[in-house]
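Numbering (this note's numbering), first residue to last: 287 to 723.
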């Protein structure tokens, strides 16, 4: 069945509240690492659940609200507010107990009325907490919205500032939320000390990265770019599609070393680059940015709650991407990640100490951003009412962004959300499928 309009979905907000820690906690200022500083942007996702007679929506709301309140003790910073130190210009979290947000809503429709739940739509956006809600004018760092449907199913929309978590640490948070909602203990004791990601001062000599040096200053403004005429589309790749891409890339390589992520990122980057308007200068430099988990490279403890990611960057000319093989492009992606050693991360993070204006991914480079939620395991979180049917980003991705998500149909494939300008999307879509052949 096709999706219905926003008006037909008829979502009603039943309550909006601030959830506070159950005990009084000492107020403190929480240090944020130089990586956290660059991620002052709200991440928004929706997780869908089928009906469970043992857990009607009212019971789910009670369990989630209680678990969230209990979690504000080990995660005290989620009840705080982001502030800027007037002397240093650095962001920090004022752990003041102001509260996390909790919203209860309902719809007269059934989940099936929304059509494809993995594809962002205006309806799905309404399932994530909105800054326009009364009572949440002082926008919290974490807000959860439970929306029940007439079928008994429900959606859990989450908005959290990226300074609080990356994908790995939000998986840990949701494991803890699920455990406490079931009346159990913490699944993992969170480690909140962001000083673990604080390095030498003054900085040591930087390890050069030519791709960082070739990026023009005028393209390093992702957060400031206009979102007008941005389209977000869902592309599905089956397990067979991914295997075929890997076979194609590894067949022309000296050794079959390219991962699924290598070849998928290479394929997306080529399609995005070649979808540019006719007459593109063959010598123009095009870049791709993608997150690398640096926990094992520094190393950081697995329970670290901060952002343990670093953006790898690689670049090539339009002409090289047009003429190069998939294997050649995949090698660039692989090498880009290999550059991100622990020592490299330390040297760059130290140099960021004096960079003003920490907003979003912008300073880390322009071009295409590929981010992966594919293998975080969010679909495996065991809530007392069952695992999620699926989850998706709400589509507020900005321009030139691709997000990898699991394919919840059980194919072992990938759901790819791509946000591009409308004039590029049609060309990208054709290239995406043509180059799979």
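Every residue gets a Cβ at the ideal spot worked out from N, C-alpha and C, and that includes glycine. Every value quoted in this text rests on a predicted model; they were computed, and no experiment measured them.
Beta-carbon contacts of residue i that lie in its chain and below 7 Å, excluding the five residues immediately before and after
i	result
residue 476	360, 361, 458, 589 and 591
residue 663	457
residue 473	461, 462 and 465
residue 521	702, 704 and 718
residue 371	378
residue 659	453, 689, 690 and 691
residue 556	607, 615 and 721
Local conformation of residue i per DSSP, three classes
i	result
residue 707	strand
residue 339	coil
residue 544	coil
residue 580	coil
residue 716	helix
residue 298	strand
residue 423	coil
residue 734	The structure shown does not extend to residue 734, since the chain spans only 287 to 723, so no value can be given for it.
residue 699	coil
residue 483	helix
residue 416	coil
residue 562	coil
residue 619	helix
residue 383	coil
residue 363	helix
residue 644	Residue placement at residue 644 is flagged as unreliable, the pLDDT there being 44, under the threshold of 50; the coordinate-derived value follows with that caveat. Residue 644 falls in the coil class under three-state DSSP.
residue 399	helix
Inter-residue Cα distance where the pair is residue i and residue j
i	j	result
residue 301	residue 379	27 Å
residue 672	residue 392	20 Å
residue 427	residue 637	27 Å
residue 395	residue 434	9 Å
residue 545	residue 297	42 Å
residue 697	residue 667	19 Å
residue 674	residue 357	21 Å
residue 607	residue 692	27 Å
residue 469	residue 661	27 Å
residue 390	residue 454	26 Å
residue 353	residue 388	11 Å
residue 585	residue 323	20 Å
residue 401	residue 695	14 Å
residue 587	residue 619	26 Å
residue 533	residue 450	39 Å
residue 438	residue 425	30 Å
residue 432	residue 404	18 Å
residue 274	residue 669	Here the chain comprises residues numbered 287 to 723, so residue 274 is not present and cannot be evaluated.
residue 364	residue 665	23 Å
residue 408	residue 680	9 Å
Contact under 8 Å by Cβ, residue i with residue j
i	j	result
residue 598	residue 622	yes
residue 601	residue 572	yes
residue 626	residue 554	no
residue 713	residue 561	yes
residue 406	residue 678	yes
residue 350	residue 299	no
residue 366	residue 381	yes
residue 319	residue 484	yes
residue 655	residue 700	no
residue 548	residue 653	no
residue 441	residue 332	yes
residue 530	residue 616	no
residue 603	residue 570	yes
residue 326	residue 478	no
N-terminal and C-terminal residue of the beta strand (DSSP E) that residue i is part of
i	result
residue 600	595-603
residue 443	440-447
residue 689	687-692
residue 309	No beta strand (DSSP E) contains residue 309, which DSSP labels as neither H nor E.
residue 653	No beta strand (DSSP E) contains residue 653, which DSSP labels as neither H nor E.
residue 368	367-370
residue 473	Unbroken run through residue 473: none, as it is neither H nor E.
residue 432	428-434
residue 677	676-679
Residue range of the unbroken alpha helix (DSSP H) whose run includes residue i
i	result
residue 534	525-537
residue 457	453-467
residue 634	628-637
residue 410	408-411
Close Cβ partners of residue i (< 6 Å) along its chain, the five nearest in sequence each way excluded
i	result
residue 321	593
residue 445	328, 330, 414, 415 and 429
residue 341	671
residue 539	613
residue 343	434 and 440
residue 676	334, 403, 404 and 694
Contacting residues, own chain, Cβ-Cβ under 8 Å from residue i (five flanking each side not counted)
i	result
residue 355	305, 306, 307 and 308
residue 517	705, 706, 707, 708 and 711
residue 420	302
residue 723	none
residue 578	595, 596, 597, 598, 623 and 626
Chain C contact for residue i (CB, 8 Å cutoff)
i	result
residue 443	The structure shown contains no chain C; it holds only a single protein chain.
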